[in-house]
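Here is the structure we will look at, set down as structure tokens.
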Amino acid sequence: RVEGVVRCAAGQLACDAVAGPADVEVCAPADEDCDGFTDEGNVCAVYASCLEARRDGVVDSGVLRLQPAGAAAPVDVYCDQQTDGGGWTLVGSTAGATLNDQAADWYADLRTLAPSGAHEGIWRGLRDAAPGFDVRFACRDSRAAAGAPMTVDLSFYKTPWYHEFTAGTDADSCFSEGNGEGQDRPPPARRDNVGGVLLGTGTRWAAGYLEGEDTCSSTADFTVDLDDRGMDSQQSDGTDWGEDDGALKCGVSGLGDGQWFVFVRESRAPQGPPACPADDAWEDADAIADAWPIAVGYEPIEAVICGTDRDWYAFTGHAGCTVTATVRFVDADGDIDARLYDSNGTGVVTGASVSDDEVLTWTVPAAADAWVRLEVYGFNFAAAASNSYTVQVSEVCP
Numbered sequence: 013r014v015e016g017v018v019r020c021a022a023g024q025l026a027c028d029a030v031a032g033p034a035d036v037e038v039c040a041p042a043d044e045d046c047d048g049f050t051d052e053g054n055v056c057a058v059y060a061s062c063l064e065a066r067r068d069g070v071v072d073s074g075v076l077r078l079q080p081a082g083a084a085a086p087v088d089v090y091c092d093q094q095t096d097g098g099g100w101t102l103v104g105s106t107a108g109a110t111l112n113d114q115a116a117d118w119y120a121d122l123r124t125l126a127p128s129g130a131h132e133g134i135w136r137g138l139r140d141a142a143p144g145f146d147v148r149f150a151c152r153d154s155r156a157a158a159g160a161p162m163t164v165d166l167s168f169y170k171t172p173w174y175h176e177f178t179a180g181t182d183a184d185s186c187f188s189e190g191n192g193e194g195q196d197r198p199p200p201a202r203r204d205n206v207g208g209v210l211l212g213t214g215t216r217w218a219a220g221y222l223e224g225e226d227t228c229s230s231t232a233d234f235t236v237d238l239d240d241r242g243m244d245s246q247q248s249d250g251t252d253w254g255e256d257d258g259a260l261k262c263g264v265s266g267l268g269d270g271q272w273f274v275f276v277r278e279s280r281a282p283q284g285p286p287a288c289p290a291d292d293a294w295e296d297a298d299a300i301a302d303a304w305p306i307a308v309g310y311e312p313i314e315a316v317i318c319g320t321d322r323d324w325y326a327f328t329g330h331a332g333c334t335v336t337a338t339v340r341f342v343d344a345d346g347d348i349d350a351r352l353y354d355s356n357g358t359g360v361v362t363g364a365s366v367s368d369d370e371v372l373t374w375t376v377p378a379a380a381d382a383w384v385r386l387e388v389y390g391f392n393f394a395a396a397a398s399n400s401y402t403v404q405v406s407e408v409c410p
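Each residue of the sequence shown is one higher than the one before, starting from 13 at the first, in our numbering.
Printed below as a string of structure tokens:
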């Protein structure tokens, strides 16, 4: 019996072989997916990550051969090139039991969104690929085919989490543990890919913090949620993922089965004070279309202007409310100006003084909420010039 054989080739596979069930097509002589062709598409091309493949024009999701820097040989891994901009590498895939925040070597279920077995670990293969990663947590509340929709699908942007998850054993990884003692600040921007809700950097959790596990060594805990604390909170609010005190969660708590996944995508993450030429964690946000979402009412966020770059931010201003964007810096170190734009991309307020700080205030028209963009740029900065600053947005409503 030869799995996946549906046609013969001289000198290769036996012509009387019995076809097996369809499987994931990989770079090998057999026709694993039973479509009459072998090695079609990009399955034999080698990439460092799914994001590299996406940037190289691979826009269809499926299995690719990945060989991250330092890896001895390529392995087959599922790439999601469609959800939330694509470029997502599958690093955790399990059925019947949830994952733990612990490192693992590559395993075969990383080729599929229909895993056949239970796995505890998260593949460490991309650990050295970037200083930070976007991380996606997805799940189905019952076993389903690879193409079935996810019950929960949450993206968290520019986090240090993948490095934490792949530090070693579960005890070596501390994920927002202990009632907020180990929380990351500022809270990361995040998106509910099922509901379409986007929350900007600095959007507080409902309890004030995210708790991913009770303690670093808690093997019965590994959980996230969109807007509440994760552990010991609203366990069935539709966006819960993972395991809390042994209870399996995917949208609701207390499941007896299901499928759980973790994806990562290379990004930036806060790594100490912003400085050039490395820039800050919120890049690449050099154009209005790439404006980085931030929360209204959060503490100041640190950033830096490098040369002639322009930094763009975005936030929601509510109808009839007055928003204030405060950009604080030392003018003697380099003058920084700023401008607010309305939902149509029309400039509405400019701050261009020759003193420290720029404070821009604008009242949103009463007709509707506005997706406000803030542009921050250096005045007459040369290519090598730079200055650090903080940005904070507040809102007062009648």
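Cβ atoms here follow ideal geometry from the backbone N, Cα and C, with glycine treated the same way. Predicted, not measured: the structure shown is a model, and the values here were computed from it.
By the 16-neighbour rule on beta-carbons within 10 angstroms, R385 is buried. DSSP links P305 through a beta bridge to A326. Relative to S128, the option among H330, E370, Q271 and G359 whose CA is nearest is Q271. Residue R277 holds the alpha-carbon nearest to the alpha-carbon of K170 among R277, Q93 and A65. One alpha carbon belongs to V388, the other to A350, and they sit about 4 Å apart.
Beyond the five residues adjoining it in sequence on each side, G319 comes within less than 8 Å, by CB distance, of C288, G390, F393, A394, A395, A396, A397 and S398 in the same chain, given in chain order. Nearest Cα to D146 within the set D153, D140, Y174 and E370: Y174. Distance from the CA atom of V274 to the CA atom of C228, rounded to whole angstroms, is 19 Å.
Only buried fits N112, as 16 or more other CB atoms lie within 10 angstroms of its CB. Under the criterion of beta carbons closer than 8 Å, L211 and A201 qualify as touching, at roughly 6 Å. If you draw a 10 Å sphere on the C-beta of V342, you find fewer than 16 other C-beta atoms in it, and that means exposed. Going by C-alpha positions, E64 is about 7 Å away from G99.
Per DSSP, L125 lies in no alpha helix (DSSP H) and is assigned neither H nor E. Between V376 and I306, the gap from beta carbon to beta carbon reaches 8 Å or more. By the 16-neighbour rule on beta-carbons within 10 angstroms, E311 is exposed. For V316, the CB contacts under 8 Å within the same chain, skipping 5 residues up- and downstream, are P286, A287, C288, D291, D292, S398, N399, S400 and Y401 in chain order. Annotation for D269: G108, S154 and R155 place their beta carbon closer than 7 Å to its own, counting only its chain and skipping 5 residues before and after. For W294, there is no enclosing alpha helix (DSSP H), since its DSSP letter is neither H nor E. Here the alpha carbon of L78 sits roughly 24 Å from the alpha carbon of T181.
Annotation: D45 to V58 spans about 20 Å, alpha carbon to alpha carbon. Following the DSSP letters along the chain, one finds A299 in no beta strand (DSSP E), marked with neither H nor E. Secondary structure of R136 (DSSP, three-state): coil. According to the DSSP secondary-structure assignment, V209 is paired through a beta bridge with D204. Put simply, of W253, L222 and L352 the residue whose alpha carbon is nearest the alpha carbon of V371 is L352. Note that the C-beta distance between T235 and D252 is below 8 Å. DSSP lists S105 and A150 as the bridge partner or partners of F273. Of Y325, G254, R241 and G133, the smallest CA-CA separation from D302 is found for Y325.
Between T101 and L138, the C-beta spacing is below 8 Å. The C-alpha of A379 lies about 12 Å from the C-alpha of G329.
Its Cα nearest to that of W217, the residue G192 stands out among V206, D226, G263 and G192. Residue burial is scored here from C-beta neighbours: A364 has fewer than 16 other C-beta atoms within 10 angstroms and is therefore classed as exposed.
Excluding sequence positions up to five before and after G242, its CB lies within less than 7 Å of the CB of L222, E223, G224, T235 and V236, all in the same chain and listed in chain order. Here D256 carries a strand assignment [DSSP, helix/strand/coil].
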